[in-house]
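Here's the structure we're looking at; comments come further down.
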Amino acid sequence: MNRYSRIQAIILFHLFSICISAQNALQTIKGTVRDAYSQVTLPGATVTIMDTEPVIGITTDINGEFRIKDIKPGRYNLKISYLGYEPLIINEVLVQSGKEVILTVELLETATALQEVEIKASSNKENAINPMAMVSSRQLNMEEASRYAGGIDDPSRLASSFAGVAGSLSSNAIVIRGNAPKGLLWRMEGIEIPNPSHFANVSTFGGGGITALSSHMLGNSDFYTGAFPSEFGNALSGVFDMRIRTGNNEKREHTIKAGIIGLDFATEGPFIKGKKSSYLLNYRYSTLALISPLLPENAQGLRYQDLSFKFNFPAGKAGAITAWGLFSSDHTGSAIKEDSADWEFYQDIESDENINGMGAAGINHKVILSDKTYINTALAGTGNVIKWQRDRLRDDGQLFRVDDIFQSDTKYTLSFLVNHKFSAAHINRTGFNVSLQNYNITLLHKSTEAGDYETVARDKGSSGMVQFYTQSRLNLTNELSLNTGLHSRYFLLNKEWTIEPRASIKWKFREAQSVTLAYGLHSRSEPLGFYLAGRDYLSERVQPNRYMKLAKAHHIVFSYERSLGQYTRLRIEPYIQQLFDVPVIANSSFSLLNLEMDWFFNDSLVNTGTGRNTGIDITFEKFLSNGTYYLITGSLFDARYKGGDGVIRNSRFNKNYVFNFLFGNEWSLPGKNDNLLGLNCKFTLLGGDRISPVDNEASSKLKDVVYDEQHAFSERKPAVYYLDFSASWKKNRQKYSSTWSVQFINLLFQKEFYGHRYNFRTGNVEPLREIVVIPNLSYRIDF
377 MNRYSRIQAI
387 ILFHLFSICI
397 SAQNALQTIK
407 GTVRDAYSQV
417 TLPGATVTIM
427 DTEPVIGITT
437 DINGEFRIKD
447 IKPGRYNLKI
457 SYLGYEPLII
467 NEVLVQSGKE
477 VILTVELLET
487 ATALQEVEIK
497 ASSNKENAIN
507 PMAMVSSRQL
517 NMEEASRYAG
527 GIDDPSRLAS
537 SFAGVAGSLS
547 SNAIVIRGNA
557 PKGLLWRMEG
567 IEIPNPSHFA
577 NVSTFGGGGI
587 TALSSHMLGN
597 SDFYTGAFPS
607 EFGNALSGVF
617 DMRIRTGNNE
627 KREHTIKAGI
637 IGLDFATEGP
647 FIKGKKSSYL
657 LNYRYSTLAL
667 ISPLLPENAQ
677 GLRYQDLSFK
687 FNFPAGKAGA
697 ITAWGLFSSD
707 HTGSAIKEDS
717 ADWEFYQDIE
727 SDENINGMGA
737 AGINHKVILS
747 DKTYINTALA
757 GTGNVIKWQR
767 DRLRDDGQLF
777 RVDDIFQSDT
787 KYTLSFLVNH
797 KFSAAHINRT
807 GFNVSLQNYN
817 ITLLHKSTEA
827 GDYETVARDK
837 GSSGMVQFYT
847 QSRLNLTNEL
857 SLNTGLHSRY
867 FLLNKEWTIE
877 PRASIKWKFR
887 EAQSVTLAYG
897 LHSRSEPLGF
907 YLAGRDYLSE
917 RVQPNRYMKL
927 AKAHHIVFSY
937 ERSLGQYTRL
947 RIEPYIQQLF
957 DVPVIANSSF
967 SLLNLEMDWF
977 FNDSLVNTGT
987 GRNTGIDITF
997 EKFLSNGTYY
1007 LITGSLFDAR
1017 YKGGDGVIRN
1027 SRFNKNYVFN
1037 FLFGNEWSLP
1047 GKNDNLLGLN
1057 CKFTLLGGDR
1067 ISPVDNEASS
1077 KLKDVVYDEQ
1087 HAFSERKPAV
1097 YYLDFSASWK
1107 KNRQKYSSTW
1117 SVQFINLLFQ
1127 KEFYGHRYNF
1137 RTGNVEPLRE
1147 IVVIPNLSYR
1157 IDF
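Per this note's numbering, the very first residue in the sequence shown carries number 377; after that it's consecutive.
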């Protein structure tokens, strides 16, 4: 055999080995089928894979569990049905050789007895997981967060593709229906947690740089944009209700992901093989040093890490105990520019250091008392800390401290929920949350090197909150459902008690069409520093805002939904939000509705402000099928407010319009049907935030930027349009699967407007526009 023949033989041998390996790259789909209301398992439910020839079907065992073995990698549609329940279709389940697919399926019992009528199966992505949600809700699928362009595994950035939501390039803060990002509530495993973002509250209250929640950890979760169910309190604009998935209790599996922006490692499996308990762990470390030339000047040198876990311990009739946690730490800083010839702005002669950290950990106990009742109890501790110091160079070459921020708060929460299914037509969920908060805050600021330090806040103490809720869903017929409920809470810091009614009614007037009308009263506390800020008068410290009321909002939403086939749907939602009791400064244009970030605020506030957000959200979506998906969303809205001077103005976040177009396709590579190539893109067009005009004369006198607040928000930032792109190549082998992916945010290199800054060389105020580009090339292996 000559050399050329030997090379041919070696190549053929390797190709044959790859084919054999691919043929043997089979995997398992398993899971549990439950009643959505009572959480009781459903033995005898039918699980069918609709795409195979012949069709593969199996029934759940006595524990409601199913297992389908030897499935070739690819995407499949599963149909789950059970007598007396509405059938459900789970679209495009991704099967890879490196990990078993574990599903928890929840079916809805029909309100009336079935006769000779077949109920059409619904898609699992059409509705929220929470059966109490009827309107303005969307299920978050973390596989979509990894797949959608611009998602970069971040729930907030994924949500920015949805109707009614506006995001930005430099931050994961989101504006929901014209509301400030600070109005968003984050929950994990039923517990309110601090903003789970790295560099949280550094550029925007309620936002951060990138999520601290790894996509390896999160299960399908819910996202709300208005008129939330009664169990959600302390939320004004929206709710993220996040769930951590349960680790595989039969097989140990691992994931390693390495990319330009960091390293990610996850592991899961049984504590003891043959037992039902399991663990799930994830650790990430990241540094943006490799892409620092593409980031704004003050965003270089970023590094962060996070650790998350979930341990699950089934205890038979005694229920199940889970322990979960999320911890993150961040560090960033900037230095004075070395060459004095480059000094033009205060940022050029300043150095700062920012250290952030957050944590949340809890123990949940869930027990099913009967086929109609279950109880969920949770005890958790959460907290966050920020230490931020900024120094500026004096004329004599020495540094003086400009800003000194320290805030630490911890919260301990007890949560209790009882869910009772009186019948298929009446389900009630009642519970309470009690939390105790300890805080320590110091805010010092010095405007000029010759001035004195101003103690904006210096306080240490405790507060708390008590929340109670009850909600019933009445399925009057299979076509007509009614939700009624109440949320009430007492905030110890300002001693205010609120009563917030909620109600919604949904009518499925045709097989594929429905309309819903919903109302809710909602409220939200402000960042802690606004309550504790004060001034020193003689020997007394006065805190004028200690007892200011909570800002509140009436949400009214009308929704029309139509299924245009198994994979396509249309949703149209007009809404009105009437805000009241908003904290404002008397005889001023200032309102906390416009708050983006201000650590050093200590003016007196009164609750005489109002606001009004009106708009319409439109979603036209084709779920992934036959390798293709698209999502088209449009939002037209108007956000106005009235400050302490009684004048109605545009709010800061009145962008007026947001449009998104997402498209993606997957191909099975020729000759290797178990390998997938995916391409995804997202185009976004949104109006700019409103801004106040610069007062050039006052700025020249103060030698810093001063805005004309008499004409607040009469101007606006430029409109923004940008393009995001992602691509992935998934390969399956007998023992592992791997994924090469590239993600690119702002492919068109569009500039984002960051406001104004004073040029002390020219004495002029200049706009600040910078290009924010986030690329990431990564390799992931599951084994």
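We put the beta carbon where it would ideally sit given N, CA and C, even for glycine.
{"query": "When you compare the CB positions of I992 and F977, do they come within less than 9 Å of one another, or not?", "result": "no"}
{"query": "Return the chain-ordered list of same chain residues with a C-beta closer than 6 Å to the C-beta of N795, the five sequence neighbours on each side being excluded.", "result": "Y750 and R805"}
{"query": "Per the DSSP calculation, L454 is bridged to which residue(s)?", "result": "I425 and I466"}
{"query": "Look up S1154 in the DSSP assignment and say whether it is helix, strand or coil.", "result": "strand"}
{"query": "Counting beta carbon pairs with one atom in the stretch 814-823 and one in the stretch 884-901, are three or more of them shorter than 8 Å?", "result": "no"}
{"query": "How many angstroms separate the CA atom of L1055 from the CA atom of T995?", "result": "22 Å"}
{"query": "Using 10 angstroms around the beta-carbon of K882, count the other beta-carbons present and answer buried if the total reaches 16, otherwise exposed.", "result": "buried"}
{"query": "Between N1170 and S573, which are expected to be in contact by the criterion C-beta below 8 Å, what is the C-beta distance as a whole number of angstroms?", "result": "This structure cannot settle anything about residue 1170, because the visible part of the chain is limited to 377 through 1159."}
{"query": "For the candidate residues D706, T831 and N624, whose alpha-carbon lies nearest to that of G735?", "result": "D706"}
{"query": "Going by DSSP in three states, A694 sits in which element: helix, strand or coil?", "result": "helix"}
{"query": "Is S590 near F616, with beta carbons less than 9 Å apart?", "result": "no"}
{"query": "Counting pairs of beta carbons, one from the stretch 857-874 and one from the stretch 941-949, are three or more of them closer than 8 Å?", "result": "no"}
{"query": "Between which two residues does the beta strand (DSSP E) harbouring N921 extend?", "result": "Here N921 belongs to no beta strand (DSSP E), and DSSP marks it neither H nor E."}
{"query": "Output the distance between the C-alpha atoms of K797 and E482, rounded to the nearest integer angstrom.", "result": "15 Å"}
{"query": "What is the DSSP secondary structure of R514, counted as helix, strand or coil?", "result": "strand"}
{"query": "Kindly indicate which three-state DSSP category R1109 falls into: helix, strand or coil?", "result": "coil"}
{"query": "Measuring alpha carbon to alpha carbon, tell me which residue in I447, A401, E629 and R849 is nearest E607.", "result": "R849"}
{"query": "Rounded to whole angstroms, what is the Cα-Cα separation between S1090 and L1124?", "result": "29 Å"}
{"query": "Using DSSP with H/G/I as helix, E/B as strand and the rest coil, what is E887?", "result": "coil"}
{"query": "Which same chain residues, not among the five before or five after V423, have their C-beta less than 6 Å away from its C-beta?", "result": "I434, F442 and I456"}
{"query": "Which runs of the beta strand (DSSP E) spanning at least 3 residues fall entirely within the stretch 1021-1086, listed in chain order?", "result": "1024-1026, 1033-1044 and 1052-1062"}
{"query": "To the nearest whole angstrom, what separates the beta carbons of E997 and L1007, a pair I think is in contact under 8 Å?", "result": "5 Å"}
{"query": "If you run the structure through DSSP and keep just helix, strand and coil, what is Y1097?", "result": "strand"}
{"query": "Please report how far the alpha carbon of G650 lies from the alpha carbon of A691, in whole angstroms.", "result": "14 Å"}
{"query": "Do you know whose CA, among F1129, Q1110, K1111 and W1105, lies nearest V1118's CA?", "result": "W1105"}
{"query": "In terms of alpha-carbon separation, which member of K836, E825 and S1027 lies closest to Q813?", "result": "K836"}
{"query": "Just to confirm my understanding: we take A1095, look at its own chain, exclude 5 residues before and 5 after, and list those with CB closer than 6 Å. What are they?", "result": "G1063 and G1064"}
{"query": "Should A398 be labelled buried (16 or more other beta-carbon atoms within 10 Å of its own) or exposed?", "result": "With a pLDDT of 42 at A398, under the threshold of 50, the predicted position of this residue should be treated as unreliable, and no value is reported."}
{"query": "Could you tell me the distance, in whole angstroms, from the CA atom of S915 to the CA atom of Q843?", "result": "37 Å"}
{"query": "For R563, I'd like the list of residues in its chain whose CB is within less than 6 Å of its CB, leaving aside the five on either flank, ordered along the chain.", "result": "D617"}
{"query": "Terminal residues of the continuous alpha helix (DSSP H) containing A535?", "result": "P531 to A535"}
{"query": "Excluding five sequence neighbours on each side, which residues of the same chain lie with their C-beta closer than 6 Å to the C-beta of Y1155?", "result": "A634 and W1116"}
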